[in-house]
Structure formats: structure tokens, C-alpha cells
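Residue numbers (the numbering used here): 4 to 177.
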């Protein structure tokens, strides 16, 4: 989804709204089969609009925190690799990497606090009412595992990159 970094924030919000509304519409065939097509479209449109507005505001706030450097493809590649390219603006990259740390640090406690109870709730709902909730349990468990595995790695790489930027800045000053 690197191409979405290049788009304006409002456009990403609209895309998120439409995609979410389509998935919501499709999911209502399983979750509420008694709903008519008109009500399905109306509810999906409203839910998608609220989701798009929320994501637009959240994404705008996040993009401002990262600065302009995060829109460039080399930033994402560098963060995945954990290396700082040779010719970077130290101030811009430091701002973006610090914001990256701020975004990921809470995931160390938010992931277990959110995904484990949601997994337990999904399992309980699957065993007491609808077997469809097993998909929710699997989803929350997978997201929990991925978050618990990737968050420490991202924080280690970000810290190493900030240390490298500090080293370069010290080298430039001397």
C-alpha cells in the first residue's frame, strides 16, 4: 500500500470509507440476513462514512507527526531494514523515527489488553451462539501474535536508527 502514502489525506479517507462500506455490506449477508437491500446499503454507507472520517482525521494527525519524510518510499524500506541511508536530512529523519517510536511503544501493552479479551469474547460467543465468531477469534489471535512479534523488533530497529543519526550528527559537528 505504498502508493497510498503519495495520495492526499482526504483521498485516503474516502478510499478507506468506500472499502470499509463494501466489506460491511458484504458482511451483513452473514450477520443480519433478515435485513433488506435498501437498509443494508444505507447502514453500510453511514458506517463507511464514519469510518472514513475517523481514519482521515487519524491519518492526518499521524502524517503531520511523521513529517514529509515518511511519504517517501525509502523511509519505509529503511525502517523495515533498520538502516539509515547515507544522504538523509538528520532532523527530518529524527522527527519521523521518534514519531514512529511513539506510535509503536504503546502496542507493547495495548495489544495484550485489547486482543486477548477480544479473542476470549469471540471464543465465548462462538461456543454459546454463532459459530461465525470463530473467524473473529482467529483474526484477533493472529493480530495479537503478529503485533507481539513485530513491535519489539520495530522498536529495536528504530532505536538503532536513532543512535546512528546521533552518531552522524556528532560526526558532522566535529
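Note that CB positions come from ideal geometry on N, CA and C, so glycine has one too.
Skipping 5 residues on each side, what residues in its chain have a beta carbon closer than 7 Å to that of residue i?
i: residue 151; result: 114
Kindly list the residues whose CB is nearer than 8 Å to the CB of residue i, restricted to its own chain and excluding five residues on each side of it in sequence; keep chain order.
i: residue 12; result: 59, 62, 63 and 66
i: residue 33; result: 135
i: residue 87; result: 81, 96, 164, 167, 168 and 171
i: residue 9; result: 74
i: residue 47; result: 24, 25, 27, 28 and 31
i: residue 92; result: 72
Are the CB atoms of residue i and residue j nearer to each other than 7 Å?
i: residue 100; j: residue 164; result: yes
i: residue 43; j: residue 23; result: no
i: residue 143; j: residue 122; result: yes
i: residue 149; j: residue 118; result: no
Tell me which residues share the same chain as residue i and place their Cβ nearer than 6 Å to its Cβ, disregarding the 5 neighbours each side in the sequence.
i: residue 139; result: 125
Using the beta-carbon count (16 or more within 10 Å), is residue i buried or exposed?
i: residue 103; result: buried
i: residue 132; result: exposed
i: residue 153; result: exposed
i: residue 175; result: exposed
i: residue 15; result: buried
Does the contact criterion of 3 or more C-beta pairs under 8 Å hold for the stretch 82-101 versus the stretch 165-177?
Short answer: they touch.
With three or more C-beta pairs closer than 8 Å as the rule, is the stretch 153-164 touching the stretch 109-126?
Short answer: they touch.
Report yes or no: do the stretch 48-56 and the stretch 17-29 share at least 3 C-beta pairs separated by less than 8 Å?
Short answer: they touch.
Alpha helix (DSSP H) runs wholly inside the stretch 41-111, at least 4 long, in chain order:
Within the stretch 41-111, the runs of alpha helix (DSSP H) at least 4 residues long that lie entirely inside it are, in chain order, 76-84 and 93-107.
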